Each structure stands twice: as structure tokens, then as C-alpha cells.
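Line order of the protein sequences matches chains A, B, C and D.
Residue numbers for the first sequence follow full-length UniProt numbering, so the first one is 1 and each next one is one higher.
Residue numbers for the second sequence follow full-length UniProt numbering, so the first one is 1 and each next one is one higher.
Residue numbers for the third sequence follow full-length UniProt numbering, so the first one is 1 and each next one is one higher.
Residue numbers for the fourth sequence follow full-length UniProt numbering, so the first one is 1 and each next one is one higher.
Below you'll find the structure, written out as C-alpha cells, and then a few comments.
4 protein chains.
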Amino acid sequence: MDQHHDSSGEAQTADLDFGPQAYLRDDDLDGDTLREECGVFGIYGHNDASAITALGLHALQHRGQEAAGIVSYDGSRFHSERRLGLVGDTFSRREVIERLPGNAAVGHVRYATTGATILRNVQPLFAELNAGGFAVGHNGNLTNGLTLRRELVRAGAIMQSTTDTEVILHLVAHSRRSNFIDRFIEALRALEGAYSLVCLTNKKLIGARDPLGIRPLVYGELEGCPILASETCALDMIGARYIRDIEPGEVIVFDEQGVHSHKPFPPKPARPCVFEYIYFARPDSVVGGRSVYEVRKAFGAQLARESHPDVDVVVPVPDSGVPAAIGYSQHSGVPFELGIIRNHYVGRTFIQPTQAIRESGVRMKHSANRAAIEGKRIILIDDSLVRGTTSRKIVRMMRDAGATEVHFRLASPPILYPDYYGIDLPDRGGLLAATHSLEEMRELIGADSLAFLSIDGMYRAMGEPARDPAAPKYADHCFTGSYPTHLTDQSLVEPTQHQLSLLAEAS
Amino acid sequence: MDQHHDSSGEAQTADLDFGPQAYLRDDDLDGDTLREECGVFGIYGHNDASAITALGLHALQHRGQEAAGIVSYDGSRFHSERRLGLVGDTFSRREVIERLPGNAAVGHVRYATTGATILRNVQPLFAELNAGGFAVGHNGNLTNGLTLRRELVRAGAIMQSTTDTEVILHLVAHSRRSNFIDRFIEALRALEGAYSLVCLTNKKLIGARDPLGIRPLVYGELEGCPILASETCALDMIGARYIRDIEPGEVIVFDEQGVHSHKPFPPKPARPCVFEYIYFARPDSVVGGRSVYEVRKAFGAQLARESHPDVDVVVPVPDSGVPAAIGYSQHSGVPFELGIIRNHYVGRTFIQPTQAIRESGVRMKHSANRAAIEGKRIILIDDSLVRGTTSRKIVRMMRDAGATEVHFRLASPPILYPDYYGIDLPDRGGLLAATHSLEEMRELIGADSLAFLSIDGMYRAMGEPARDPAAPKYADHCFTGSYPTHLTDQSLVEPTQHQLSLLAEAS
Amino acid sequence: MDQHHDSSGEAQTADLDFGPQAYLRDDDLDGDTLREECGVFGIYGHNDASAITALGLHALQHRGQEAAGIVSYDGSRFHSERRLGLVGDTFSRREVIERLPGNAAVGHVRYATTGATILRNVQPLFAELNAGGFAVGHNGNLTNGLTLRRELVRAGAIMQSTTDTEVILHLVAHSRRSNFIDRFIEALRALEGAYSLVCLTNKKLIGARDPLGIRPLVYGELEGCPILASETCALDMIGARYIRDIEPGEVIVFDEQGVHSHKPFPPKPARPCVFEYIYFARPDSVVGGRSVYEVRKAFGAQLARESHPDVDVVVPVPDSGVPAAIGYSQHSGVPFELGIIRNHYVGRTFIQPTQAIRESGVRMKHSANRAAIEGKRIILIDDSLVRGTTSRKIVRMMRDAGATEVHFRLASPPILYPDYYGIDLPDRGGLLAATHSLEEMRELIGADSLAFLSIDGMYRAMGEPARDPAAPKYADHCFTGSYPTHLTDQSLVEPTQHQLSLLAEAS
Amino acid sequence: MDQHHDSSGEAQTADLDFGPQAYLRDDDLDGDTLREECGVFGIYGHNDASAITALGLHALQHRGQEAAGIVSYDGSRFHSERRLGLVGDTFSRREVIERLPGNAAVGHVRYATTGATILRNVQPLFAELNAGGFAVGHNGNLTNGLTLRRELVRAGAIMQSTTDTEVILHLVAHSRRSNFIDRFIEALRALEGAYSLVCLTNKKLIGARDPLGIRPLVYGELEGCPILASETCALDMIGARYIRDIEPGEVIVFDEQGVHSHKPFPPKPARPCVFEYIYFARPDSVVGGRSVYEVRKAFGAQLARESHPDVDVVVPVPDSGVPAAIGYSQHSGVPFELGIIRNHYVGRTFIQPTQAIRESGVRMKHSANRAAIEGKRIILIDDSLVRGTTSRKIVRMMRDAGATEVHFRLASPPILYPDYYGIDLPDRGGLLAATHSLEEMRELIGADSLAFLSIDGMYRAMGEPARDPAAPKYADHCFTGSYPTHLTDQSLVEPTQHQLSLLAEAS
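Okay, structure coming up:
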């Protein structure tokens, strides 16, 4: 699927109370951030399936704050609740959980990458097939979603959402196979791109991961009941035991007969997305067998190895830069200090009354801790650089607070290419590193020095000797341009101009 | 579609503030009322298409109070707003109308007859077909909706609503014809039952009426722009000119080339639903060329002709009994008095604190006007009798207020059979007249005498000599059992037990 | 204007921002209506005091639709709920009633006459005095409220509302008497104007009516428990028994010792407000011993006696003109017809898209019933005339629908003077009859003839030979200028310009 | 005023959408936290007074999350908005700011210490005095508020709130002085306890701080306009310049004539509350001339000096324990690690489905970062200990994650006594340290060792040689029992049983 945003529809919802704008964070205003696409969760056989799913989604909230949904099955009917807003806004309420009875459930949190944030796009999607009900939650993005959609509509399909995920439902519905799992696998074979799926039928909980394993999916267990989740932190939240990662290309099925693993695709070397380590996953998660926290510390230590100016303090850009800054500090011996305080009550965009105030630097999200900075030479550590607008403000804020030198380090390489697998990045024209030299970036940001983690350094911090161009271990296309799959939709004429839906702003 | 109600889903909506219960009227509590199914409206070529549609729907509000929707087309995209609640709750607001740009629009008000009252069932339904967008608003009910739905799902269709209307979209999507109107007509040929449709494509406004013309649909004009509406009162509201009724079996198409009328069905004698005259249509509407008000007065006059006890005053059961009571009074010479006052602030069900108070007769909706009744022999006139529970309460209220005799008259014949064309009636077991003799009903209601308008009298009041059993002029099956179409869904095994949707209470 | 304010209220409360504008009805837009001030209710000693009070207020809803409140006392604490909107919006909900425990309660419905419609002005007002809690609900308006307010603030009082009612609380708080009833009576002695009060302390339910009895207040009984209410319809709603009217100048006290009546004022001839009969009271109420319905019919019959053009039908302006039209019809023998249909789903102001539509007469509230009018000479009967804007529209609507002659009759005399006792009327400049001759009015309204009920005719319809200028039986100052009390606040410099509160638009 | 909580009223609000429960944080469930009382802000002479006040309050949000309010003055009228919820929920919206015109404004954020969290208690309070309008925002708590309230009610005052702050309004209203500042100072002389006030009249912005300076108040300047704020972080947020702290006992007045400082009280040694440094103030604020961040680091370093077990890592309890943990790490050389990850999406209490899950440790707010802990000896640093329930859970969570030893350190002394100046602490019976020995606490918490910062160590970290019992430099009564003022209300008979208001749950 491509990255088209139908922002015209964003304000549209039947729900008067919490439109998406209620959750616009100030980062969003200038788009200077990475945004995760989704998180998924599923459980089979537990009496409190929906309540546990709600907790699991809450632990995955960092993967998507715009909407959340749960579908449960009670033995005769499916029940669905899908809402805009945070998990806790809706799914912490007893009456909502009571409307989701049954001992199997799948859930989803969403940051919209395709399709406007409107209620009909909130997942899990549900369809009544001839075989019975079928619910799907999807993390990732298809690179041939639009192409498949067109083919299906031409064949008479009527789409109810504007998401790429819906094509999976229609592919299953149109399959001529008689066995449900065969139909599902036939559908997967048509897909291209990234997908970690949790699916629910009236008999089974199904998990699936694309052949390259671009997005994560783990398998755990609570009181004997199998669980699927995007990250291990969701297992920790509910006291569940981690069993293993779902393998790339694996289809795992849980039903009354137990667990069955299918491997319908020819084996290929995995290419998990390196951004899970850099930014997306929670630091207490273990992704692909590695502690995210430790990897981030290693990125920071590697940064110190690659270049180390003479400074007085290491200051993280909170919160995502903190582990790398700790790693940098521990490796370099330079003291770690909270030179920037993060205001946790963000979430609304206030009126900024006058130009003078705007220029003097209203700080809704970050403020300088002058006592830790004044008269010091500081090194700032952030996780990654997208547009650079926030970085520029932070550097100026540091100087205003009395820093005598400000060095800026990114715990990841320069982002040069867009992503098509579920990360919401600007076009190349909007990526600072794709359009500016290092020196131009340094000057624009206003730092005394600027450095990025090297690509080989990134691999080294993850235990590889260096990146192997013939067989890179990770999906690192944003840094290298080496995309791991076809990008079929990109070959459509003017795909970015294409009107994804004829129905604007629909409720 | 059959008349199954999925009331379990009624409480389900994304809208936190006004669940359907906010609109529960006290009649609804004992189901002792007729409920209309829907009203439709469409306009083509007017700059203020949506604002005019909102006004038209407001005039049709009596035909459906549970939800309302408008779809407009602006030349490149469709725009849709569908909400639970009254038209004025949503569509009186400028910002909502501004989200519905374009010079063509169709709208719908709904009292759910099939499918729970959930947002995804609110019409007009919209689909993106290969040919482009297609919106449909439907008044009526299909008698083979469930059968068609099953066939379509078997062929791979995924339904987004639980309404019978959606099968029309899928039939069009699956048609092999190349011309859109041909596809549409092919779809209509598969339908059985009652339908008055307004449809919008990116080129056309289309109206259609089932071959028997069971539900009404009129054609008018405002400032040169064609209008379709369920009743003439919607034309009056906006100052539009009435042109003619859409004929039974007619498909009318408005586009840039003008107006085209298609008659794809072999001609048959029309069978418009007589309940439009008895109860549903607004008294100031002209239906099938007749003033509804005058027909109701004629029913009342005919009642007086058929039996006239010696009484002091004629008292209408407000508001629907008023025209018949005026007719009765004018024909009989007995004074017309407001013996019952209607409280127009109903809409909520209050706690009725104690049994004593309940028995003493808390009157949320009606109260006795003692001054007009005390010491009098009265004749009460109501439009029709369903369960009889309200009638019993009203008779007792009249006696408590001092009436010395209470005679009860219904300005329609006894209802003996259910409807399958969009009127929400109880099963036969719940219809008082289907299960009790006249004398039993009189005793149960507590009246001194009870009489219904005769079937022949009803026809006579409408200008016929009597009902012609070989060729009845109206759909009068609720009184006679003579259904004008096949009832295919009724032959399904246990149709009333059938689970309409696997997804309960979905949002 | 009509006394059934029907469903203008029904649609509300979906509106989250419930500023007063949410309750603007379309009548309000041109101010062409009489608006009632308030209704009060109280009960003592009943286990379901609050639930019964809610029902009583619902029956009094026509007296005030902007806000409602209940204060209860549970033996140790007072409980209060005060909300903008209709009674049923809030007080039909079990959880609200459960927050109002206790066996004594007072309630109030409000149409603001003084003070903006903000929550702190919603009654009953409550204060914690040294003697304990004290709640007051007030129907009427003080003519020295502003003067008293200024004196109290000068003495150090801090007002929490902008209502005139609050001065009563402060007068009681500042009284030096030791006995509570003495303090209360001392406060009443300072008041000038119209007041019917229901008050609650931790021991007593108290009712009081001003010395002239301008506003109504009745005393009833339910299951042995005393009740106070503005109108008998509130007693009927709950099945309570009417005992008697509270007398002008009476203070009635209910406590554990029983009932005590105080008459602290020297006796004077009563002057009840005649507008209760003309417009305000519900037709099924009995006010001052007279059926409101019968009085209105008598006004209509008297109108026919005073002038009777040769017409074909009598048409009421619904709903308030209906009883007078029935009286006119019965006296004159001219048939009564529903020539105007009222839309009960008003309550919102829709966008009126184009000038053409506006001029062609969009009718949100009334529509012409052409069948009853076309080709007829009609006589329209309305209750009263304020600005005349609605009357003009209705006459034109009748002509557009084919009436050949339109005669207009008002079942009350011309309104020439403002009211200061709780009726919200325009200044003299806004009163049509105060600024135009009869012929000018007729021309402006566009009627073929125009006539008002004569003042003597009004008295005659109420059983008097004529108005006795030396001792008029009713407060009829709006017709005669003969105000029954001093108007102290009117002598303040620029009283109408005076800023009632320094705090604008407070929440 | 005392610390009585009227929690029965909490659910009560005029605001349907976000009752206080929406903001219940999970800490609140077991009361194991310190809660700040309030923050205040005021500005004089700026065109964007209200927008700037909204930003200032947002920066002070950590001082009170239950409600917020702003009162502005536009030269002729006052405008007020007071709402439950966060500042950003209401005051980020343009239409709200536009309802607060004028160039002077005062604002308040509140965590209720007295009076239920109901709208009428939300500050700034406003009164219309004879001299004109008067708005007051108060941080702190009076220790004779209840006594003064009783005296005022006895004299005829009617209170509109249940806060201690309102007595200030009434004392000013009842003063016999003619000059407003004289009246205000006369009122202050009657007060006992802690107060930092911002007040607005139609001419002046006034700040005042109690004679001991228990609560902070700073004076700054933006574009030539004076600002008052609880903390310097509010000045930083808007780019304002810090000028100086308001002195203990100082009354500062800003008007068209400029700034005037009054010192109406005899000078006394200041006793600022030490908890501002320990917990309440934001780390980037400078309180009493000291960086809060640096003081907290010094507390951590002092902790390391006082006892230092042999451990592998220092782990802060986030977020409040972070600066002390950094201080400890830097002093001891033990690596600082994020062993606990804080979930920033808290705010709702989810259903915890089964006992098994509850015991296995559902972590809504904190989760263990196993990679940083497993196999390690850790030392946990938290700011203070109230009930100990959270500490016990965290220790167990650390052991579950594989910590081999868990040592617990508090960067403040044991809390032994309640506070009466605005900090919401449990009674002595609820304070763990007041009822358990150190060893009992260690065992209860489950740590391998437990230590608190010593009282002298606390003073030493702040630059004093030790605490001087004859003249302690800070209000440290929670640790020492040495209260800096009289506690008049505590001598009332059964003050904690006293019913603060006769009106329960009033809106």
C-alpha cells in the first residue's frame, strides 16, 4: 500500500466526543516524527479474552494512538467495538468489555497510514463470509494493495473501508478453495509487502507474518491459552509467558485441536525492519531475540566510538533518545544529565498568542533545564532525524539556556528514502538528509557539530561485523534504498494522485 | 427482507451521547403503535442540494426518527453524513451541510425495520463500484432480501450492513451489463417486495418505485431542478412544485441530458399501501392524488354512518385521531372537544416511583381534560388498533375524569395479519384483533361499545363502491391477508430464527 | 402564541455545548411569542420525593424549557441537581434521581426572565444559613429586585447568581429574628412584585404567594403527603388530589407537626394574571377554580359574538388557538378545520439555502393544509398578538394555499404595555398593537379583517359583567397599563441599561 | 482550613462529558502518592492576557490536574471559565479564549484539598463586591478556614463554594475600610496557614504570600507586563523574564500607576515548604533561588554518602526518582539504568480480569525492563514514601524480572505527620513510616535494605550544616511535627467529622 493520506476525512466521525484532533500531539504539527502504523493482539480460549486484549492493546498503545478496536467471538456471534482515540478511553470501561463476550478475541491499535482516520477504517475489520465470520487486524502495509483493490472492485467487490487490509477479506471471500485455511493462504499468496496479522473465525485464532518478517509478531501463553502480540511488552503487561517469535512466512492456527504451524512460502532470509529497534518498539520489549533497550544503548555507545567531541554533559532528547544517551554516557564517561524536561501533559495545541512569544520559544512539549546546561558544552542525543524542525528548535532552546557548545548526534543513519511498509515518512523532498549535505544540515539545525550513526556502525551495534550488501540482515531501505519487496503500486500511473476513495469524509 | 428485529444491537453506536434510547418514545415501550419505515428525498442540479435535502428530510421526519443521512456529489467526490437521531440534530448545522458540497444529493430518514439501528445501517448506503460511486436510499422492505443476501454471500460478496437495501448495491456490482441503467434495472428485476428508491451516481439522480407502487414517491421541481420525495409535504416545505407521482414500476433518471423515464416491468394494477392514508402520511400531503386529511375525515364520516351511539361529545385520541374525529363530528353533529391533552414534551421514560402512582395513572403522553369530559357520554376516535394497551389506558383515564359512557371507534378495519413491506407490526399473536373477538376486545379495552371501520366502508370513503376481491385497489393485506407479492423469505426454514448477522452489536 | 410548546424540546441534548443557544427555538428568532417564566413543585414526607418532583416538573414543562432543578433533603444533607435543558433530559434518569435521596424535595423549571441562562442561575437556589440549609424555587418577578440587590451588596453580601430570587436568600440570612418562619416572613415583607415560592429547609416545606396572587400556586395531596405546584396538571400527572389554591398573601408551612397557614399581609383583593388563562396554563389545568380550556372556548365564543364575518371555515393557529377556535366554531356554526398543520419536530434552525426559498416560505413549524383551505373564506383564530411577524407569515401561507378570504381574530385584547411580573414581552416599541392602529395592523398582517377580543368581552367570558376600572379582578396591565404593584426598579436611572452583573457569561 | 475531603461530591458536575473520574490516575487508587494542591498565574496589561494565562497554567499542570479556571477583565466586565479536567481540555480552544477578553487575567489549576471537586469550587473564585468585581486564585490551605467560615455564616454570609478560599472574599466584602487594598490586607490579617494568592479587580492585579512564604510565588515580566506564577517554569513556557520571588508576607499590586509593594506583617524568618524541592515543583523550576533539579541530585548524592550497598546498577522509580538517581549514580559511580519503564498512556483504570493476572502483576503504569535488571544487584531510588503500596509492587516486579538484590532508597526523610498547608496526605494511621519501624517497613516492602535520607542530610544537601531546631529554615513538619503556624481548626470539636457543607453533591 502506498502512503497516501486522506486527511480530508480525518475530522469525520460519528463520535462527537473525541475526534482525532483531540489526540494530535504537537510533534504532529510539523510532521517531524516517525509514526508507527499499528499493533495487534489476539488470545484464544480465555474466559476474559476481551479484558485481556484491552490490557494487551494498552501495552501496545505506543504503536498507534488514533484508534483501537476489539472483535470477540462468544460461540455463536461476533462482537465488535471500534473507536477513535486511545485504548483507555473506551476499553477500560466495564460496560464496553461486557459488550465483548466470548473466550476468543483479536484487537488492534492504529496510527493511520492508509485511509483516513474514520471509524469504518478502524480495525479489526470484520466480514461475514459464506463460511462464517472473519475478523482481521493488520500491522504493516501492502505494496500492491491498491492494485489488488482495483482488481477486486472490477470483479464486483464492494469495499467498506479505504484500508489496504480489506483486500485480504475479499481475497478470502473470493477464493474457490473449500478449506478455510487454504482460502486464507491463497489470499496471502496474492499479497506483497509487510504484514503481521491476527485473525479470528468462529473456530480459530490465526496469526501470520509476511515472508520477510518485516513487522514483528510474538507468541505467548497465559494460563494455558495462546496469545499473539506485536511485542513482548504486551505479554509482560498481563503476566503472560513468551514462547517464541512467529517466524517470517509462518501461518499459525489455534483451535480446539491445539496449535498448527503452516509454512506456505518458500524459505527466504528474514528482513525485519530495523526501525523497530531505533524508534518503534518499547524499550522493555525483546524483538527478534534482542532487548530493544540494550540495542539502543549499543547504538549510543557506537556513536561515541565513531566520534566524540570534548563536552561536559550528555543530554538526551526525551524520551526516545534516553537509552542511546545512557549508552553514550557510559561508554564515554561524560555525565548524563536531564537537560531537557518533557511535559507529559501535552496533547493539545494551544493558541500561541503573539509572534514575539512564538519566537521566544513557547515550549509545549520540551523545556530547557537551565541548571544542567548553563555554561556547559553539551552533546544532544536523539534517535533519528526526519525533517529537522524539532531538532533546530531544541538546539536553539539549549543555547538560550546558556549552553556554550551544542553537538548533535543521531543514533541512526541518515534517512534518505521513503518507507512503503507502514512507517509514515514524508516524501524524499521532505526528508532533510535526502536534500541536504551533512554540513548544510548542521548549519540548518544550528549545532556546533552533527553526526549520524554509520550504517555499518548500526549493524555492528547489533552484533554484525558490518552490513552485507548482498544479504542485508534487516529492512534498512530508508537508509539504503534497498527495498526488500516489489513495489507494485508504485508503478501505477500517478499512484500518489490516485483518489483512494470516491467517498470523501464518509462516516 | 423480513421483519426481524435485531433489537440486541440497538444500543450499539459509536456515538456516546445519544444512543437510540434517547429517542425511545413512550409508545415504544409497549409496542402499541404503527411505525413507519423510512422517507427518501433527492435533488439534482441545485447549488444548495444538501441544505434543501436537509429541509426535505425534516418535512419527512414523521416517517423515521431513528437516523438520518445525506450523500452528496460535488463533481469529483461523494460526501456522506449519516447519524442516529433526528434530522435537526445533525443536518441543521452549517458545518455539517458544508461537509456535503455538490449540486446533487439524496437523503433518507429511517425507522429501522430490518437491521439494528447502528450507524453502518443508516442510509443512504454507498458503494464504490467499478463504474464509480453509487448511493441508495430505500423506503419499503424486500420480501426476498434474506434469500438474495445468502446467494450473494455465497458468491463472495461481503456485506457492510445488515439491511436488505444492501443487496441492491451488490446486485448492481455483480451485473454483467455494461450500461449503468441496465445494470440497475437488472438488479431491480431480482427484487420482490416494496421499494421506493432514490439513487445517486456521479452522473445521475435515479428514482424507482416497485411494480405495485406499494410505497409512495413523488416528483417535483424547484428552480428548474428535479426533486424526488416520499410525500408532497416535503415539496411544500421548500416551496417546490409538485409535478406528478412516480408511477408503479417506473425508473426515472435525471442527468445533464434531462429526464428519462423507463418502464422495465410489464404493467400491473397498482396496489398502494392503504396505511399511508390511515396513519403514516402527513395530513397535509397528497398521496396518489388524494388529500390525506380529507381521506381521514371521510373515514370518520363513514364511521358515523356505520354506527352512531347517542353521545354528548366526540373526542379524538391525539394527534392521529383528530381528522377522523372532525369528520365524525361534522357528519354526526356531535360537538368535537379536546377531551385528551397531549404532552408534547415526551421522549423520555421517567421513573414511575411507586405501584400506587403507576396505577393511579401516570400520564406522560396523554392527560384527561376533565372540564370537557366530566358527566358526558363520549365517543373516542383513534386511527387504528394494534395491541390495545394504550386504548385501555385511555378509556380508563376518561372514566376517571368523569365520563359517564365511553364509546370507542377506530377509523380503520381490524388488523389481522402482519405486514412484510416495511410496517413494523407485532406477529399475529401480538395483534389484538387477530386473537380476540370484538366483544372480547371491547371488554378488554373497557369501552361501552367498540366498532371498527368496515373494509368496504374504508374503500367507500376513498370513492370506491366497495372492495373488489378480484382486484383490490390497495395493499390491504393487514386487514385481509391478501398479500400483493410473493413472500419468498417466509418460506426459508425458520426465517424468524435466522441470525441476520454473525456480528452482534457491531459499531 | 400557543401553549403547547411541543417538541421544540424533543430534539435537544445531543448538543454537548449546552449554552443557551442550543435551546433557541425558531419562534425565538423573531421574538414573536409570549414566554412563561417558571413553574414550581414541592412535596413533603414521601419516600419518592425526587422522582415525584421530576414527574411534576415534567407536567409543568410548558412553563419553562431552558433549565430545571431539584433540591432534596435526606434528613442530614441537601442534594441538588440543576441542569440546562428539559426535565426529561436529566431527571428521567435513574442515576440522577438516586443522587437526590430524601423524603422532601422542591423543584423548578425555568424560562429565564432575569439573569442569563447559566447554570448558577438555575433554580432552586440553595444557601447554607446559620440556621441550616435553605432552598428556594420562584415563579414570578420582583419589581424591586435590583434595588434590594444593591442594598444587600452594599452591606457585604456576595451574590452567587444574577437572579432576583437570590435576594430572598440574603434577606433571610440577614434577618435578626430568631425563628425561621419569622425571618422568612420578614424577608417577604421587603419584596414587591409577583412571587409564588416553594422553599425547603431541614425541617419544613414552605409555600408562599404574593399578596395579590399574581402567579398561581396550588396545594394537593398524594398518599397523605402535601404537594405544592404551579398548576393542577402537575397533580393530575402523578395522580394526586387537588385540595385548594394557596391564597394570595398566604405562607403555608408543612413539617412534622402538620400544616400551618400564615397570613402576614393585610388582606387585599386578588389580582391573578389573566395571561394564565389566555396563554400560559395548560388547557387541562384548573386555575383559580376555572377550567382553562373552558375559559379559552368562552373567549372564542365571545369573539364570535363581537364580530362574525361570513366565512366557510374556522382555522386555529395551532396549538394555542385551538380551544378558542372550537369555541368560535361551536358558537357560530362554521366548521372547524385543521387548515394549518404543525410540525412537531421543530427545535432547530435549519439553513435556509436561498432567498428564493426563504421567500417562497420555508415552513419549519407550520404548513398549510391546502385541501382544507383552497377556495375557502377562512377565519384564523390565535391566542394573542405580540410582534405580528408570525401572523403575517401565516396569512400569506393561507393565501398561497388558495384561501379566497383570510380574516384574523385574536382571543385576547391588544397588548399595549410591558409586563414586569415574569412574562417576557418586548418593550412598547416592539409591541405591534402599541405602535399601530387596528387598520395598520390589518394591512401589515395582510388579513381581510382583523379583530381583537374586547377587554370587557374578556371579562364577560370569565363571568364578569365587564371590567370594573375601580377594582379590576385580574392583573390585566398589559392591556390597560394598570399595574397592580409599585415598580420600584423602574425608577432607577436607566434600569434597563444597568449591568446586572460584572461577570459576563460565567460558567 | 483542614484537609477534609468531601469525596461524596466528586461525581457531581454540570459537565456531562468529563467527570473527574476521567482523570483518576492509577496512583490515586491506593492513595500512595503526594498530591499537590494548586498552581496560580496572573498577568496585567497584555493584549493576550488569557491566552498567556492558559499557557502558564499548562506549565503548572503538574500542580493540579482536577480542574482549571481563568478570570479575565476587559475594562468593563469580568469573564470566567472554570472547568473540570486538564488545562488543555478546555483552554487550548480558541473559542474558550475568545470568551475571556481583556488585558488582565488570573488563572488557577487545582488538585482539590478542601471541598469536593465540583464546578462551584473551581477557582479563581469571583465575587461582586460593592467596590466592583474581585477574583481570587489560591495555592495553599488555611488552618483557620473552617473557624472563619462559621463566624461569617453566623453574620449572614452565604457561601457559594465549600473551599476555604471563599472566606477571603467575604472578609474583604465585610471590611469597613474604604480603600480596597486596606480591605484586602485587613482580610489577610485574619488568615492563618499557607497562601499564595493572585487576585484581580477592575483596576489591579494583586499577589500575596503568607508571612512564612510556605507556598512559592514568583514575579516575572513579558513584553513589559508583570506576571505572577507559582513556579519559574511557567515563565519559561511563555518566554517571560524572571524578576524575583514575591517575599513572604508581601502584598504586591500592579495597576496603571505601576507596581507597589506592601509589607503589612511584622518580619519573620521564612519557612518555605521543603516538599516543593522533594516532589512538587518541576525539576526545571528555580524555587527560592535554587534549581529543583540540582537539589534533587544533591539529595541523591547525599543518600549515597549516607549508605551505599554494593550494587551493580542504580534504577530510578520514574519519573520523580530520576534526578536523585542520577545524583546517586554520579556520586557513587554505579551505572544509572532505566530498569523501570513508565507507560505514559495511563489515565484510566482497566478491568483486571482475574486474580491470577492481578497477582502476576498487571502493570498499567510501570513495567520492568528485564534486560537492565536480570541477574543484577540493584538500588531503587524514589522521592518519598507515603503508604508503601506502590513500593512493594515495584520491588516484587524487580525480583520477578530477575534482580538478585533489591535495595530501596528514599530521597527524603520518613513522613511521620500530616500536613495542613495544602498537601494531601493520609492521616497518621495511613503513613507507613508513622506506624512501622524501619525494619518492619523493609520487610513489608520486600527490599534487601531500606534507607531514608536523614533530616540533617536533607538540610546538608541544601547547603545548611544541619537542621537548626531553634530556627528551621524550611517547613518540614511532615518529618518533624514542628508546624510553623497555629492549627486553629484542629481545636474545633471533631473537626474531621464536621460536615463542611449541608449540600451534598451539589452542582
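Ideal placement from N, C-alpha and C gives every residue a C-beta, glycine not left out.
Being a predicted model, the structure only gives us computed values, none of them experimental.
Between the C-alpha atoms of residue 353 of chain A and residue 259 of chain D there is a straight-line separation of about 25 Å.
Interface annotation for the region 280 to 304 of chain A against chain B: empty, criterion Cβ-Cβ distance under 8 Å. When DSSP states are grouped into helix, strand and coil, residue 343 of chain C belongs to the coil group.
Within the same chain, Cβ atoms closer than 7 Å to the Cβ of residue 270 of chain D are found at 212, 213, 248, the five residues on either side in sequence being excluded.
Rounded to the nearest whole angstrom, the CA to CA distance from residue 57 of chain D to residue 83 of chain D is 13 Å. When C-beta distances to chain C are compared with 9 Å, the residues of the region 136 to 154 of chain D below that value are 150, 153, 154, in chain order. With a minimum length of 4 residues, the unbroken runs of alpha helix (DSSP H) contained wholly in the region 55 to 130 of chain A fall at 87 to 91, 94 to 98.
Using a Cβ-Cβ cut-off of 8 Å, residue 128 of chain A is close to 153, 158, 159, 501, 502, 503 of chain B, given in chain order. Against residue 368 of chain C, the close residues of chain B are 236, 284, in the order they occur along the chain (beta-carbon pairs closer than 8 Å). Secondary-structure assignment with DSSP links residue 200 of chain C through a beta bridge to C:135, C:205.
When C:388, C:397, C:467 are compared, the shortest CA-CA separation from residue 429 of chain C is found for C:388. The three-state reading of DSSP puts residue 214 of chain C in coil, since its state is none of H, G, I, E or B. With a threshold of 16 other beta carbon atoms within 10 Å, residue 141 of chain A meets it and is buried. By the neighbour-count criterion, in which a residue is buried when 16 or more other Cβ atoms sit within 10 angstroms of its Cβ, residue 419 of chain A is buried.
Chain-ordered, the chain A residues with CB closer than 9 Å to the CB of residue 336 of chain D read 326, 329, 330, 336. The Cβ atoms of residue 274 of chain A and residue 476 of chain A lie closer than 8 Å to each other.
Annotation for residue 314 of chain B: the continuous beta strand (DSSP E) segment containing it runs 313 to 316. Inter-residue distance for residue 169 of chain C and residue 200 of chain D is about 27 Å (C-alpha atoms, whole angstroms).
In the structure shown, residue 43 of chain A falls within a strand segment according to DSSP collapsed to helix, strand and coil.
Identification of chain C residues near residue 230 of chain B by a Cβ-Cβ cut-off of 7 Å yields none; the smallest Cβ-Cβ distance measures about 15 Å.
In this structure, the beta-carbon distance from residue 421 of chain A to residue 193 of chain A falls below 8 Å.
In the DSSP assignment, residue 294 of chain A falls within the alpha helix (DSSP H) that extends over 292 to 306. In terms of beta-carbon proximity, residue 86 of chain B lines the interface with chain C, with at least one pair separated by less than 8 Å. Residue 467 of chain C sits in coil when the DSSP states are folded into three classes, being neither helix nor strand. Between the region 172 to 181 of chain A and the region 229 to 236 of chain A there are fewer than three inter-stretch CB-CB distances shorter than 8 Å, so the stretches are not counted as touching. The region 368 to 399 of chain A contains, as complete alpha helix (DSSP H) runs of 4+ residues, the segments 370 to 373 (chain order).
According to the DSSP assignment, residue 457 of chain C belongs to the alpha helix (DSSP H) that extends over 455 to 461.
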